[in-house]
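Read the structure below first, then the notes.
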Amino acid sequence: MNFFAAFYVLRNKAKKGGRALTSIGTYDLKKENMQRRIDEIDSLFTGASDHLLYLYGFIPGGLKCHICNSVHLDLHEGNRTATCLLCGKVSFLTAQTFFHGVRRPLDWVRAIFLLEDGVSFSANMFSELTGMASSSVSEILSKLWIVLSSHMEGCSVERSSSFLPSVSKRSLQTPTAKHPMAEQDVFDEIESENMAESLDTFIRRKLEEIYQNSNSTESFSADSNKNGASWLAEKSVYNLLSAEPKSFESIGSASGLSVGDLSLTLLHLELAGLAKSLPGNTFVQLRPFWTDITISAQSREKSKKSPFKPFFEFVSRTFHGISRKYLQLYLAAFWCHTSRRRWAVGTLFTACLRSKQLTRRDRLAYVSPPVVAYYLPAEKRCY
Ligand SMILES: [Zn+2]
């Protein structure tokens, strides 16, 4: 079967469908309109196997055999598995992707299409229209928002406390018998003073993730035993880096590490998104966006009229209040909703298939950082 031909036919149909919706207008989309759009999306596909085929089109580099990377595959009924025509092995095609273990691709495709249309909806609204359990919709939405939020590095940042007016839902983090705003107390402490310490925590957590994820590879397994101790090397090298590129040699002499240790340390920092290597064997420091406390927070607090009003309105219109824990994800949802050029047709599908697999635990453990990234249509800073 010609997989790419099938994908492009679907994709062109989808693009036409996307243009049709813009005329409805993205703000205050009524339930009937959303129902109509869902019907339109459904009509693009003839069955579950079609939805999968569409998703595969966004896999970076295209669909390949998991064993030998051959692109010559014989897809089976339902398109979940394929036999490789070269090595003869059977691949489970969504394995290890963002869509690993997804039972009904239809629901995901519907949700992603709607978000790419600029439609925003609560889990309740989607579940009313589709008959899905609202908890399943929550899971889908929060995972998609996590993907969106992972693209917010170029966005403006602000202390999360500036968004408190929108917080009115309870989460697991809310102290017992307190108003949801009380969650902020914990973060206020971090925000006011101990940014240096929270940067430590951030680096340590990122590095531990890397150690855990790379247990299988040889170069790391030796290191993973000394988890607690070795991140100190990363931290001191991280502090030696800056926005100006520095040569491997100069970092080496300043840190006192051997060539081997320094290479490994820099590799860890790169994997953690804390450093970047540039041509000429030079390195620059990358700052995790939320540690950048040198922001306009003070001046913002002084201004009576919150610049985040569009976000507050979006929240009360669509979600009727949110929890502090997921604030960053709602900000990501707002970004997707308002930045129509950035999140146009096909972009969220692409981002999902480039994203790592997200587990239920990733979703539940999510907590918005003390400094959050946001997008305001007037500022247009995200790229
Ligand atoms: Zn193969």
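Everything in the sequence shown is counted per our numbering, starting at 1 for the first residue and increasing by one. Glycine included, each C-beta is placed from N, C-alpha and C at the ideal position.
Rounded to a whole number of angstroms, what is the C-alpha to C-alpha distance between residue i and residue j?
i: residue 120; j: residue 166; result: 16 Å
i: residue 113; j: residue 135; result: 20 Å
i: residue 74; j: residue 83; result: 5 Å
i: residue 85; j: residue 79; result: 15 Å
i: residue 374; j: residue 334; result: 8 Å
i: residue 142; j: residue 329; result: 7 Å
i: residue 395; j: residue 106; result: Residue 395 lies beyond the range of the chain shown here (1 to 383); nothing can be said about it.
i: residue 385; j: residue 254; result: The question about residue 385 has no answer here: the residues shown for the chain are numbered 1 through 383.
i: residue 367; j: residue 325; result: 5 Å
i: residue 348; j: residue 148; result: 8 Å
i: residue 256; j: residue 361; result: 39 Å
i: residue 33; j: residue 40; result: 10 Å
i: residue 70; j: residue 350; result: 21 Å
i: residue 369; j: residue 157; result: 11 Å
i: residue 262; j: residue 211; result: 17 Å
i: residue 377; j: residue 339; result: 7 Å
i: residue 345; j: residue 52; result: 17 Å
i: residue 363; j: residue 146; result: 8 Å
i: residue 343; j: residue 116; result: 6 Å
i: residue 92; j: residue 132; result: 26 Å
i: residue 11; j: residue 42; result: 13 Å
i: residue 38; j: residue 110; result: 6 Å
i: residue 323; j: residue 313; result: 15 Å
i: residue 128; j: residue 164; result: 29 Å
i: residue 246; j: residue 232; result: 20 Å
i: residue 55; j: residue 49; result: 10 Å
i: residue 319; j: residue 122; result: 6 Å
i: residue 251; j: residue 273; result: 18 Å
i: residue 97; j: residue 108; result: 14 Å
i: residue 104; j: residue 310; result: 34 Å
What first and last residue would you give for the beta strand (DSSP E) that runs through residue i?
i: residue 156; result: 156 to 159
i: residue 74; result: 73 to 75
i: residue 142; result: Looking at the DSSP string, residue 142 is not in any beta strand (DSSP E); the run it does join, the alpha helix (DSSP H), is 134 to 149.
i: residue 277; result: 275 to 278
May I ask you to report which of helix, strand or coil DSSP gives residue i?
i: residue 322; result: strand
i: residue 367; result: coil
i: residue 49; result: helix
i: residue 358; result: coil
i: residue 11; result: helix
i: residue 95; result: coil
i: residue 126; result: helix
i: residue 306; result: coil
i: residue 56; result: helix
i: residue 373; result: strand
i: residue 163; result: helix
i: residue 119; result: coil
i: residue 284; result: strand
i: residue 102; result: coil
i: residue 246; result: strand
Just to check, is the beta-carbon of residue i closer than 7 Å to a non-hydrogen atom of ligand 3?
i: residue 210; result: Judged by which ligands are present, ligand 3 is missing from the structure shown, whose ligands are ligand 1.
Counting along the chain, where does the alpha helix (DSSP H) carrying residue i start and finish?
i: residue 333; result: 327 to 338
i: residue 82; result: Element bounds for residue 82: not the alpha helix (DSSP H) but the beta strand (DSSP E), 81 to 84.
i: residue 345; result: Counting along the chain, residue 345 falls outside any alpha helix (DSSP H), and DSSP gives it neither H nor E.
i: residue 384; result: Residue numbering for the chain in the displayed model covers 1 to 383; residue 384 lies beyond these limits and cannot be assessed.
i: residue 69; result: Counting along the chain, residue 69 falls outside any alpha helix (DSSP H), and DSSP gives it neither H nor E.
i: residue 378; result: Element bounds for residue 378: n/a, residue is neither H nor E.
i: residue 43; result: 31 to 43
i: residue 256; result: Element bounds for residue 256: n/a, residue is neither H nor E.
### Around ligand 1, Cβ to any heavy atom closer than 6 Å, ordered along the chain
65, 67, 68, 70, 84, 86, 87, 89
### Query
Are the segment 265 to 285 and the segment 236 to 245 touching by the rule of at least three beta carbon pairs closer than 8 Å?
yes
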